[in-house]
Each structure stands twice: as structure tokens, then as C-alpha cells.
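Presented below is the structure to which this report refers.
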Amino acid sequence: MGWFRLVFSVLTVTLVQSQTRQILKVGLLFVQNVTSLEVGIGFISEFDECDEVQAAGKTVDLLAVRNVDVIFGPTCSRPAIAASGLAAYYNIPIFEWGLTTSLDLTDRARFPTTVPFSINSFSLALAIRGLMKEFEWDQFAFMYSNDGDEEKCESLKNDIQTVASLHNDITLAFTYQIASKSLVDMREAVKIVKQRGRSMETVTVPLKSLSTW
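Numbered by mature numbering (1 follows the signal peptide of the UniProt record, and there is no 0), the letters in the sequence shown go through residues -18 to -1, 1 to 195 in order.
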């Protein structure tokens, strides 16, 4: 009887207790009325807490010690990059989701066994450029806050800067990091940035913070 090992590397900063049983639905397609593959599926759960050192160490354990056949996760960009390099070395497929928005994860030469499920921040940066061209804007200011999540906004900031440098039809006039999501810091950021750019792109975590402006 074959044994197929699946592993989920899950980011859990906040644990929520639920009384509802979670069900994973798997679809199987067969040929010639053969419905028995005699395959066992086992799950091994690890928690990297969105930390790349933890992710690297746990990935080595899963690949070298537990001999898994496939990995689902991690869910953050930096841990995903660390895990993807190791998965490429062991030639094991790794499917990444959640906040794995870094453009680096789409580099097939660097990470040939990686399959990211999330849209990358470079594509979002291209969408911002498309919006600016639609309204015939050529300069913008970018505000972001790493308060609560250092990865998502930082990755988007880097890819926006890359897109701006690759295309001469838009100019990133000013970049400003908001100290925190407090109302005082946000208002101060708007006062500073509005003197530098007519169009402002803003990223904070969570986005509901914008409702306090």
C-alpha cells in the first residue's frame, strides 16, 4: 500500500478556537472504473509563525527527516523564499499561499518546484501603473505602514519601486513610512505626503485602519 505524505506549514499568529470540524475535500478522477489506488494520505502540521529561521529549520526536518512528498505553505514571503530554496534542492513540490506576494517566488530558474497561489505584489504594482495611465497621472507618492506586518507592505513597496524604475511614464515622487496606525501618525503622514504628490497610494495592515482618517 502506497503512502503519500502531505505537510502543511501554517502561519498562526493568532489562534482562534472553533467548535466546527474542518473538512478537507479532495477530488479524485479515475479511469476504466478503477476506484481503488491503495494510497494512504498523512498530514504533518508545523507552525513557522511567519519567521524565516523557523520555516527553514522546519522545512529541513520535513524534507530530510520526515521525507514528505509535497509541502503546502509557508504563508509569508520571507519564510516561503527560504523554504522554496530547500524544496528545490530536494526536488520536492511546494505550494505556497496566503501572503506569499514576493515576485522572487515566481522565478522558475531559482525555484523550479515552487507554485505560489497568491497574486504577487509586482502584478499589483503594474495595476497601479495602469490606473495612473488611465487618468493620465505621471507622478505619485507612496505611503505604507509596517505596523503589525513587516512583510506585505515592504514587499509591495519594493515592487512598486521596481515598476517605477522600469517604466519612464510614471515617477515615484516620494515614499513615506507611517510610524504607526494611530490617527495622529496617519494625519501627520497625509500632511507631509500631500505636499509631494497629487496621487497617493497607501498600504496599511489591516486596511480597516483607513476608516479612521
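Note that the Cβ used here is the ideal one computed from N, Cα and C, for glycine as well.
Residues of its chain near residue i, where Cβ-Cβ distance is below 7 Å and the 5 sequence neighbours each way are ignored
i     : result
L108  : V145
S(-1) : Summary for S(-1): the model assigns pLDDT 46, below 50, so the residue's position carries little reliability, and this model does not support an answer.
V42   : L68
Distance, residue j Cα to residue i Cα
i    : j    : result
E136 : V175 : 18 Å
L165 : L45  : 46 Å
F124 : N102 : 18 Å
G80  : D120 : 32 Å
Q36  : K115 : 42 Å
F122 : I152 : 8 Å
T57  : E78  : 6 Å
V52  : N140 : 30 Å
S162 : G22  : 49 Å
Q143 : N49  : 40 Å
I110 : R169 : 23 Å
P61  : P98  : 13 Å
Own chain, CB closer than 6 Å to residue i, minus 5 neighbours either side, in chain order
i    : result
T157 : F124
S147 : none
L85  : N102, F104 and D141
P75  : V52 and T95
Residues sharing a beta bridge with residue i, DSSP
i   : result
F93 : Answer is none; F93 lacks a bridge partner.
Same chain, Cβ closer than 8 Å to residue i, five either side skipped, listed in chain order
i    : result
A70  : R92, F93, P94, T95 and T96
L138 : T83, S103, L106, A107, Y126 and V185
Next on the checklist: I'd like to know if the region 77 to 92 and the region 48 to 66 are in contact, where contact means that at least 3 CB-CB pairs between them fall below 8 Å.
Outcome noted: yes
Item to check | Whole runs of the alpha helix (DSSP H) within the region 47 to 101, excluding any shorter than 4 residues | outcome: 59 to 72
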